[in-house]
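Remarks on the structure that follows.
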Amino acid sequence: MLILDNINYKIDSKEIIKNINYTFEEGKIYILTGPNGGGKTSLGKAIVGLYPTDNGKITFNNVDITHTSISDRAKMGISYAFQIPINFKGLAVKDILSLSCKSEDPKILNSLLSKVGLCGKEYLERELDGRLSGGEIKRIEIASVLAKKNTNFYIFDEPEAGIDLWSFKELISIFKELKKENKTIIIVSHQEKILELSDYILVINKGTIEKSGPSKDILPTLISNEKENNCEGCLKKELS
Amino acid sequence: MLDNTMNLLKKLYGDTNYNDAAINIRENCLSCKRQSSENVIITDMEDKSGINILIKSSAKGEKVFIPALISKSNVDDVVRNDFFIEPGAEVTIQAGCAVHTDGESKSTHNGIHRFFIGENAKVTYYEKHLGEGSNAKRIISPVTEITMEKGSSFLMDSIQLEGVTFTERTTKAIVKENAKFDVNERILTTGTQQAISKFDVEVIGNNASVNIVSRSVAKDNSKQTLESKITGSSSCHGHSECDAILEGKGMAIAIPALIANHPEASLVHEAAIGRISKQQIEKLQTLGLDEKEAENYIVKGFLK
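Protein sequence lines correspond, in order, to chains V and P.
Per my numbering: the first sequence = residues 1 to 240.
Per my numbering: the second sequence = residues 1001 to 1304.
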């Protein structure tokens, strides 16, 4: 269980996250959705420790992690898949996967890549130097997060961005599988098919939780809003 | 061979078996072991101090080792190696210079390596520089000159990780038709070390290519300079890339020059110098490394 108790985050004087209170329970899928720039990614980064909160408290499995480092949070079982994956000159796909799963066994590394629809033979030796396509590097980013064995709390930031239809279906299967394993999953997304997977939806806007509740209650309101407004930040159906 | 020299040899090549390979070991300015093989003949130069290495066309996957080892201070060594690679030969050459100095006096190793690469021959050339010991100055300044005939290929993989006080490496190449010249260079400097690397490559044959990739890390107060000049005098491709990571007060200078003397010459240069990006460190932190471990992992991979 992860509890956010009145957390705030500012850049200079601008409030990015304002007084957020929420409890994420084990084995549930939570979607953070809402308009661009609303604070979804910032909230995910605050949970994983990438953004230091200015005040408030974050508790993970009864441990206060408010001032815990990124790496210690990772060791405690919190994992984060970046919205924009990072390139590394000199590091190969196998290096980042090995680092994450603490194994250099090619069979294990191959199986991690096959989970995201990539062939180990073709990709393990490839360098993460910017020559991989957006979709390929996104899938490798997800594989690097799935590789971490002790993870029980996942945050995926727009995991569907840039990936093809076939991979998208694989992605849905991955989330269902993690849920079966009683993992907690937060997904930042606007994608209708992903929203449909969720147990709870949080609409983040202007740094606050504008609306939250069980998916069955929130999703219909989002769909009706989309029909009325047809605005930016609403549901994407192109992959459905 | 001295025990110190044996240790240096091991540090250069690990537990390599030299039984079937051609080898010439130079220890403190003198040749101390020489062995030719069926397809690689090593002989003394006639007019000056140095060796000629003839690699016959029949050489396929042959290995040649030519280490220069200095295990004491106050040595000023000049090594001359001329490689004559016959058409169609395929060979891997492992050069390397290891300098271990104790005491205060400096030791200098200057190598002059000339390669005459015949048509369609393939050469892989590894050059490793290693310095260790007390604070005495260790200076290594190699000059490499390569002439590549039609359809030949030359891959130069050079690495120098710490320990060398000052180095000025000069590499010149003439690349003819359909030939392929590739360089992978990695340099790590620390303390007040300085490393200068100069490339001057002229492509004179159509459909030939040059690719120079230099990756370096300058830590502490060290300084590095890369001068990379590619002249395209034919219909050819040339690419040079300089990536440098800075730590502490380390400095890096990239001075590229691309000269297109032919309308079909296509030449590109890329350079990126700076500290390790925060995002790279953060990604590895999310996988459980602390900040220092993440930096070390990134540097190790970068110089791999």
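Cβ coordinates follow ideal geometry from the N, Cα and C atoms, glycine included.
None of the values given here were measured: they were computed from a predicted structure.
Would residue i be called buried (16 or more neighbouring beta carbons within 10 Å of its own) or exposed?
i       : result
V:V63   : exposed
V:E238  : Interpretation of V:E238 is limited by its pLDDT of 43, a score under 50 that renders its predicted location unreliable; no figure is taken from the coordinates.
P:A1272 : exposed
P:D1243 : buried
P:T1171 : buried
P:N1039 : buried
P:M974  : Missing from the structure shown is residue 974 of chain P; chain P here goes from 1001 to 1304 and no further.
P:R1275 : exposed
V:C231  : Caution applies to V:C231, whose pLDDT of 49 falls short of 50 and renders its modelled position unreliable; the value that the coordinates give is listed next. So V:C231 counts as exposed.
V:R131  : exposed
V:I137  : buried
V:L99   : buried
P:N1024 : buried
V:M1    : exposed
P:T1043 : exposed
P:V1210 : buried
V:K40   : buried
P:G1111 : buried
P:H1109 : buried
P:L1030 : exposed
P:E1270 : exposed
V:D129  : exposed
P:H1129 : buried
V:K183  : buried
P:L1012 : buried
Just to confirm, is the Cβ distance from residue i to residue j under 8 Å?
i       : j       : result
V:D199  : V:P214  : yes
P:G1131 : P:V1099 : yes
V:S79   : V:Y154  : yes
V:S4    : V:I16   : According to the sequence displayed, residue 4 of chain V carries Leu and not Ser. No. Outside cutoff.
V:I70   : V:L50   : yes
P:A1059 : P:K1106 : no
P:S1158 : P:A1179 : no
P:S1240 : P:I1230 : yes
V:E210  : V:I204  : yes
P:E1119 : P:E1145 : no
P:S1141 : P:R1169 : yes
P:D1077 : P:A1068 : yes
P:D1020 : P:I1053 : no
V:G134  : V:E170  : no
P:V1183 : P:I1212 : yes
P:S1233 : P:Q1193 : no
V:C101  : V:K149  : yes
P:N1028 : P:S1073 : no
P:G1163 : P:R1138 : yes
P:I1196 : P:T1165 : no
Identify the continuous alpha helix (DSSP H) that holds residue i and give its terminal residues.
i       : result
P:R1275 : P:R1275 -> no alpha helix (DSSP H), and no H or E assigned at all.
P:A1294 : E1291 to F1302
P:V1123 : From DSSP, P:V1123 is part of no alpha helix (DSSP H) but of the beta strand (DSSP E) over K1122 to G1133.
P:A1265 : Per DSSP, P:A1265 belongs to no alpha helix (DSSP H) and is neither H nor E.
V:A46   : K40 to V48
P:P1067 : No alpha helix (DSSP H) holds P:P1067; the beta strand (DSSP E) holding it covers K1060 to I1070.
V:L114  : Reading the sequence as shown, one finds Ser at residue 114 of chain V and not Leu. Element bounds for V:S114: P106 to K115.
For the beta strand (DSSP E) that residue i lies in, which residues bound it at each end?
i       : result
P:A1095 : E1090 to T1101
P:C1236 : C1236 to L1246
P:P1256 : M1251 to A1260
P:T1016 : Premise fails: P:T1016 is in no beta strand (DSSP E) and is neither H nor E.
V:F60   : N55 to F60
P:T1231 : K1223 to G1232
V:M76   : Segment I70 to M76 is the alpha helix (DSSP H) holding V:M76; no beta strand (DSSP E) there.
V:Q95   : The residue asked about is misnamed: residue 95 of chain V is Asp in this sequence, not Gln. Per DSSP, V:D95 belongs to no beta strand (DSSP E); it is in the alpha helix (DSSP H), V93 to C101.
V:T208  : T208 to P214
P:I1140 : R1138 to I1140
P:G1111 : S1107 to I1117
V:K121  : Here V:K121 belongs to no beta strand (DSSP E); instead the alpha helix (DSSP H) covers G120 to Y123.
V:L32   : I29 to T33
V:T13   : Per the sequence shown, residue 13 of chain V should be read as Ser rather than Thr. Unbroken run through V:S13: none, as it is neither H nor E.
P:S1158 : S1153 to L1161
P:T1147 : V1143 to M1148
Report whether the distance from the Cβ of residue i to the nearest heavy atom of the ligand GTP is below 7 Å.
i      : result
V:A161 : The ligand GTP is not part of this structure, which contains no ligands at all.
So, do the stretch 88-96 of chain V and the stretch 44-55 of chain V have three or more beta carbon pairs nearer to each other than 8 Å? no
Hey, is the stretch 1277-1292 of chain P in contact with the stretch 69-88 of chain V, meaning 3+ C-beta pairs nearer than 8 Å? yes
Measuring CB atoms only, is the stretch 159-167 of chain V touching the stretch 6-21 of chain V, in the sense that at least three cross pairs come out at less than 8 Å? Taking a contact to require three or more Cβ pairs closer than 8 Å, the stretch 159-167 of chain V and the stretch 6-21 of chain V do not qualify as touching.
Meets three-Cβ-pair contact criterion under 8 Å: the stretch 1057-1076 of chain P and the stretch 1087-1094 of chain P: yes
What are the start and end residues of each continuous beta strand (DSSP E) run of 3 or more residues lying completely inside the stretch 143-225 of chain V, in chain order? For the stretch 143-225 of chain V, whole beta strand (DSSP E) runs of length 3 or above, ordered along the chain, are 153-157, 184-188, 200-205 and 208-214.
Completely contained beta strand (DSSP E) runs for the stretch 1025-1049 of chain P, where each covers 3 or more residues: 1030-1035 and 1040-1044
Mind listing, in chain order, the continuous alpha helix (DSSP H) runs of no fewer than 4 residues lying wholly within the stretch 1155-1222 of chain P? none
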